[in-house]
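Participant: In my numbering, the protein residues as written are 429 to 650. We put the beta carbon where it would ideally sit given N, CA and C, even for glycine. Please read these numbers as outputs of a predicted model, since none were measured by experiment.
(1) Any idea if residue 600 is buried or exposed, counting beta-carbon neighbours within 10 angstroms, 16 or more meaning buried?
(2) Compute the distance between the beta-carbons of residue 622 and residue 637, then report whether it is under 8 Å.
(3) For the putative contact between residue 507 and residue 497, defined by C-beta atoms under 8 Å, what is the C-beta separation to the nearest angstrom?
(4) So, residue 462 versus residue 500, is the Cβ gap smaller than 8 Å?
(5) Within 10 angstroms of its Cβ, does residue 531 collect 16 or more other Cβ (buried), or is it exposed?
(6) Cutting at 7 Å between CB atoms, please list the residues of its own chain near residue 585, excluding the five before and the five after it.
(7) Residues in its own chain within less than 6 Å of residue 486 by CB, not counting five upstream and five downstream?
(8) Pop quiz: residue 607 and residue 618 are said to be a contact at Cβ under 8 Å. What is the actual Cβ separation, rounded to whole angstroms?
(9) If we count the other Cβ atoms within 10 Å of its Cβ and call it buried at 16 or more, is residue 505 buried or exposed?
(10) Using a Cβ-Cβ cutoff of less than 6 Å, which residues in the same chain neighbour residue 449 once the five nearest sequence positions on both sides are dropped?
(11) Going along the chain, which residues of its own chain have a beta-carbon closer than 6 Å to the beta-carbon of residue 646, five neighbours each way excluded?
(12) Once you ignore the five residues that flank residue 576 on each side, which residues in its own chain have a CB closer than 6 Å to its CB?
(13) Round the Cβ separation of residue 613 and residue 649 to the nearest angstrom and send it over; I've been treating them as touching at under 8 Å.
(14) Give a yes or no on whether the C-beta atoms belonging to residue 526 and residue 494 are separated by under 8 Å.
(15) Among 545, 605, 630, 629, which one has its Cα closest to the Cα of residue 641?
Here's what the structure looks like:
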């Protein structure tokens with residue numbers, strides 16, 4: 429589930445992923461925690477608060493931005509991460525939007541890792557959408573995606589688990605691409621997601637955090 433809303437000064441994006449919702453023994457996520465992961469990202473327009481046009485070139489509106497990351501993991505309280513920073517929209521031809529945030533990160537809960545209750549690095553986030561083609565019957569093909577790049581996470585770098593041979597790193601990258609065929613309120617999609625040093629676990633660890641995920645989706649827009 430996800431939503432995007434704009435109401436006056438508020439620019440809001442959120443999503444919640446529910447894994448194995450059919451409780452199927454055939455799911456690779458069956459009986460696995462966390463079974464829920466979500467992000468909640470409200471932004472307040474600085475242009476609106478100050479009553480001024482703060483646009484600079486293609487950066488056309490600026491925001492105070494906050495993001496909460498959470499899951500329902502059982503181990504040591506799971507994940508609760510607060511991220512605070514600055515946001516903007518970047519104008520580029522052929523894109524409906526390019527949404528940008530730069531955050532400082534603070535995690536009260538992080539599965540017992542050394543970065544708990546500490547400021548730990550930065551997150552640079554970009555999300556975008558571009559219509560590719562519209563058919564005469566109203567159907568359309570849309571490309572969308574997002575990039576999450578974590579850097580400067582010195583506290584995460586201190587993580588070391590001798591039991592499974594994993595160690596921490598100060599950076600990570602996730603890059604998601606999606607092609608969607610929109611049919612009125614319904615859509616179908618194919619997606620690919622690339623992970624490098626996922627959750628700031630070094631790819632050189634015996635438990636490698638590098639992966640590529642392929643996803644098929646069916647969607648309904650309310």
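Facilitator: Checking against the coordinates, here is how it stands:
(1) Position 172 of the chain shown, counting from 1, holds the residue named residue 600. Classification of residue 600: buried, given that the 10 Å Cβ count is 16 or more.
(2) Stepping through the chain shown from its first residue, residue 622 is reached at position 194. Stepping through the chain shown from its first residue, residue 637 is reached at position 209. Taking 8 Å as the Cβ cut-off, residue 622 and residue 637 do not qualify as a contacting pair.
(3) Numbered from 1 along the chain shown, position 79 holds the residue referred to as residue 507. Numbered from 1 along the chain shown, position 69 holds the residue referred to as residue 497. Yes, residue 507 and residue 497 are in contact; Cβ-Cβ is about 6 Å, under 8 Å.
(4) Your numbering for residue 462 matches position 34 in the chain shown. Your numbering for residue 500 matches position 72 in the chain shown. Yes, the pair counts as a contact, with Cβ atoms nearer than the cut-off.
(5) Taking the chain shown and counting its residues from 1, one reaches residue 531 at position 103. A residue is called buried once 16 or more other Cβ atoms fall within 10 Å of its Cβ, and residue 531 is buried on that count.
(6) For the purposes of this step, residue 585 is taken as the residue at position 157 of the chain shown. 596, 597, 598, listed in sequence order.
(7) Within the chain shown, the letter at position 58 stands for residue 486. Answer for residue 486: 518, 519, listed in chain order.
(8) Locating residue 607 in the chain shown gives position 179, where the first residue counts as 1. Locating residue 618 in the chain shown gives position 190, where the first residue counts as 1. Their Cβ separation, rounded to whole angstroms, is 5 Å, which keeps residue 607 and residue 618 in contact under 8 Å.
(9) Translated into the one-based positions of the chain shown, residue 505 becomes position 77. By the 10 Å Cβ count, residue 505 comes out exposed.
(10) For the purposes of this step, residue 449 is taken as residue 21 along the chain shown, with counting starting at 1. Once the five neighbours on either side are set aside, residue 449 has no close Cβ partner at all.
(11) Reading the chain shown from its first residue, position 218 is the one you call residue 646. So the list reads 616, once near-sequence residues are dropped.
(12) Here residue 576 refers to the residue found at position 148 when the chain shown is read from its first residue. Counting only Cβ-Cβ distances below 6 Å, and skipping sequence neighbours, we find 553, 602.
(13) For the purposes of this step, residue 613 is identified with residue 185 of the chain shown, where counting begins at 1. For the purposes of this step, residue 649 is identified with residue 221 of the chain shown, where counting begins at 1. The Cβ separation is near 5 Å, so the contact holds.
(14) As a first step, residue 526 must be located in the chain shown, where it is residue number 98. As a first step, residue 494 must be located in the chain shown, where it is residue number 66. Result no, Cβ atoms of residue 526 and residue 494 do not sit closer than 8 Å.
(15) What you label residue 641 is simply residue 213 of the chain shown in a count that begins at 1. Out of 545, 605, 630, 629, 605 has the C-alpha closest to the C-alpha of residue 641.
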